[in-house]
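Input: a single structure, listed below in structure tokens.
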Amino acid sequence: MRKIALWLTIIAACLSVFSCKNADRKPLLPNVSGKAGEVLIVINKEYWEGNVGTELRELLASDCPYLPQKEPLYTLINIAPGAFTDIFQIHRNIFFVNIDSSVTSPDIIFRTDVWSTPQCFIGVNAPDSDTALKLIKDNETKILSTLEQAERDRVIGNSIRYEEVTLRPAVSQLTGGILHLPGGYTLKKQADNFLWISYDTQYTTQGILIFKFPATGKDDFSLENLMEKSDEFMKANVPGMFENTYMTISDAVTPDLQYIKYRGREFAQMRGLWEVYNDYMGGPFISHAFYSKDGKDIIVMESFVYAARYEKRHYLRQVESLLYSFEWDEDVTK
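If you count by mature numbering (1 follows the signal peptide of the UniProt record, and there is no 0), then the sequence shown holds residues -23 to -1, 1 to 311, one letter each, in order.
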């Protein structure tokens, strides 16, 4: 009976969360717990082992794209509602599935900072598993984008908090804007229309290459043009460890190109794999290409990871998030 009572209490609390979409944020919330890239799935075992759980695993734990080895998009942690106590309520990403026959208004809601900050909370409230499954499938894109944005905002928030402001002048001079780069990043090379900024440890590198070239107005953001220009700048500026070795885009897999609009900015996002010509180094990269403020040049910011000993999802998500922190000079809060 105690377990049943506890379970009902938790469900009642979550139902109140679902219904209070406009409630004021709680003051003095604790910091979130859990590792980056983790999602806590709160769901009854019966449904976790059924079609709802299968859908969540296929959606959230599918292969992360354009990595040299298989890694899940997110690491999922499953607990039953009865185990959803205080220690779990402060987790960074919570996906709560409430399936109860008494539910009369099925819904999926997205909230921030319910029990901790900066927290992402997604709640599914349904009378049966089929309804829950439909809610999840109908909102797949929003679920993924909400989690991705939450992870990204945490990285950017920490980068602003611990920013290495000495890097701002070089970035501003080349691009007319800034990246919020955290402490530990250093300027590795500065050349004509080119910057190489990097965070290096004994076994890992998270790098950002920034370069620009004149816009022609024709095929500026085609995959072929962006690959050609990237290879050109990397060959000239990013040498390997040995003679006649240099960084290049790998031809093992064709990069993906998407056109993105994000918070008032438009850019072409290329995602793929890099390698060192005539050597065995390589890893994932992501680049953002966009017009300069006056429209005369194409600016490319390319983030890459080298982490031969480790999984790369977390490192790539970190350095990719930094690209999203870009702001034009006039938009920066001093």
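Note that the Cβ used here is the ideal one computed from N, Cα and C, for glycine as well.
All of these numbers come straight from a predicted model, not from anything done at the bench.
- For M247, the enclosing beta strand (DSSP E) covers residues R242 to Y254.
- For E15, the enclosing beta strand (DSSP E) has its first and last residue at E15 to V19.
- In the DSSP assignment, T143 falls outside any alpha helix (DSSP H), carrying neither H nor E.
- Counting other Cβ atoms within 10 Å of its Cβ, D274 reaches 16 or more and is therefore classed as buried.
- P232 and M247 have their C-alpha atoms roughly 6 Å apart.
- Annotated as proximal: I155 and V309, with beta-carbon spacing under 8 Å.
- Excluding sequence positions up to five before and after K165, its CB lies within less than 6 Å of the CB of W173 and S175, all in the same chain and listed in chain order.
- A direct Cα-Cα distance of roughly 6 Å separates Y43 from P261.
- Taken through DSSP and simplified to helix, strand or coil, I263 comes out as strand.
- Sequence-distant Cβ neighbours of Y180 in its own chain, meaning closer than 6 Å and more than five residues away, are R286.
- In the structure shown, N70 falls within a strand segment according to DSSP collapsed to helix, strand and coil.
- Every beta strand (DSSP E) of 3 residues or more that sits fully in the segment 84 to 169 is shown, in chain order, as 84 to 89, 97 to 103 and 163 to 168.
- If you ignore the 5 residues before and after L124, its C-beta comes within less than 8 Å of the C-beta of V16, L37, Y51, N70, C97 and I99, all in its own chain and listed in chain order.
- Between the alpha carbons of E205 and T89 lies a gap of roughly 42 Å.
- Rounded to the nearest angstrom, the gap between the Cα atoms of L110 and I226 is 40 Å.
- For R138, the number of other beta carbons within 10 angstroms of its own is below 16, and it is reported as exposed.
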